[in-house]
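This report refers to the structure that appears directly beneath it.
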Amino acid sequence: DGGITQSPKYLFRKEGQNVTLSCEQNLNHDAMYWYRQDPGQGLRLIYYSQIVNDFQKGDIAEGYSVSREKKESFPLTVTSAQKNPTAFYLCASSRRASGGNTGELFFGEGSRLTVL
Amino acid sequence: ILNVEQSPQSLHVQEGDSTNFTCSFPSSNFYALHWYRWETAKSPEALFVMTLNGDEKKKGRISATLNTKEGYSYLYIKGSQPEDSATYLCASKTGANNLFFGTGTRLTVIP
Chain A
15 DGGITQSPKY LFRKEGQNVT LSCEQNLNHD AMYWYRQDPG QGLRLIYYSQ IVNDFQKGDI
75 AEGYSVSREK KESFPLTVTS AQKNPTAFYL CASSRRASGG NTGELFFGEG SRLTVL
Chain B
3 ILNVEQSPQS LHVQEGDSTN FTCSFPSSNF YALHWYRWET AKSPEALFVM TLNGDEKKKG
63 RISATLNTKE GYSYLYIKGS QPEDSATYLC ASKTGANNLF FGTGTRLTVI P
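Residue numbers (this note's numbering), protein chains in the order written: chain A, 15 to 130; chain B, 3 to 113.
Following this line, the structure appears as structure tokens:
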């Protein structure tokens with residue numbers, strides 16, 4: 015089945031540790047995204063990538079890093095510089111749309127990170 | 003940062019009732035409006051992507067309308083069923099901005 019796989023589903027981390035969340039897609043999509051969800055807020059964009067070996071900061075990139083070495087994979091590292099890392103993280107992908115538009119997003123099931 | 007607002011925040015309806023909710027967004031430099039359904043413990047799934055003023059899209063018992071001049075979209079569910087229980091998200095893209103999501107409307111359909 016085609017889709018987006020995120021792992022791990024749940025992750026606990028001590029303060030000061032970096033942690034990497036995995037996101038893999040087999041939809042052959044060019045674009046991939048990382049969003050963060052906090053209670054009472056809409057999904058907020060952390061980073062996105064339109065093509066392999068290229069990525070852009072989203073609205074809340076501070077304290078995060080990404081890489082896009084393969085089309086299928088877009089891992090997110092939550093660094094110790096992120097002040098409030100406890101959150102639910104969603105990865106998504108889309109076909110690259112024309113005219114500045116974003117095609118419909120296909121989401122993974124998310125990863126819940128808790129910092130102790 | 004765009005101001006994408008959804009109302010109501012949550013609602014409960016009886017099985018068989020029809021319902022609707024609203025997404026409002028900035029109307030200038032509009033590109034697209036997305037609707038997603040997010041069931042508990044699952045991934046959000048796209049319902050509609052709308053770009054044209056006056057557009058109306060339908061998928062089964064769910065339909066959506068778009069008014070880009072006044073900056074709102076309505077999502078309608080006809081004859082709600084318990085499996086329609088979910089959080090419905092809208093997201094708007096304008097100009098060079100990224101897609102901005104509202105906080106969602108949480109729908110509970112009571113059997």
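Glycine residues also receive a C-beta, built at the ideal position from the N, C-alpha and C atoms.
Chain-ordered chain B contacts of residue i [CB-CB under 9 Å]
i, result
"LEU59(A)", "ASN100, LEU101, PHE102, PHE103"
"GLU86(A)", "The premise fails here: GLU86(A) is roughly 17 Å from chain B at the closest Cβ pair, so nothing lies under 9 Å."
Collapsed DSSP secondary structure at residue i in the structure displayed
i, result
"GLU76(A)", "coil"
"ASP86(B)", "helix"
"ARG110(A)", "coil"
"GLU38(A)", "strand"
"PHE69(A)", "strand"
"LYS44(B)", "coil"
CB of residue i within 8 Å of CB of residue j, strictly
i, j, result
"TYR135(A)", "LEU127(A)", "Since the first residue shown for chain A is 15 and the last is 130, residue 135(A) is missing from the structure and cannot be characterised."
"ASN40(A)", "GLY56(A)", "no"
"PHE27(B)", "SER94(B)", "yes"
"GLY73(B)", "LEU91(B)", "no"
"GLY122(A)", "GLN20(A)", "yes"
"THR21(B)", "LEU13(B)", "yes"
"LEU109(B)", "HIS36(B)", "no"
"VAL51(B)", "ALA34(B)", "yes"
"ASN98(A)", "ARG82(A)", "no"
"CYS37(A)", "PHE102(A)", "no"
"ILE64(B)", "TYR76(B)", "no"
Distance cut-off 7 Å: residue i Cβ against heavy atoms of the ligand MG
i, result
"SER81(A)", "Among the ligands in the structure shown, none appear at all, so the ligand MG cannot be discussed."
CB-CB length for residue i against residue j, believed under 8 Å
i, j, result
"LEU104(A)", "GLY124(A)", "5 Å"
"ASP44(A)", "GLN70(A)", "Incorrect: roughly 13 Å between the Cβ atoms, too far for contact."
"LEU59(A)", "TYR78(A)", "Incorrect: roughly 11 Å between the Cβ atoms, too far for contact."
Where the beta strand (DSSP E) containing residue i begins and where it ends
i, result
"PHE26(A)", "24-27"
"SER12(B)", "12-16"
"VAL129(A)", "125-129"
"THR91(A)", "90-92"
Interface partners of residue i on chain A, CB under 7 Å
i, result
"LYS80(B)", "Correct list: empty, because the minimum Cβ distance to chain A is about 22 Å."
"ALA48(B)", "GLU118, LEU119"
Interface residues of chain A facing residue i [CB-CB closer than 9 Å]
i, result
"ALA66(B)", "Ordered by position in chain A, no residue passes the 9 Å Cβ test against ALA66(B), which lies about 13 Å from the chain."
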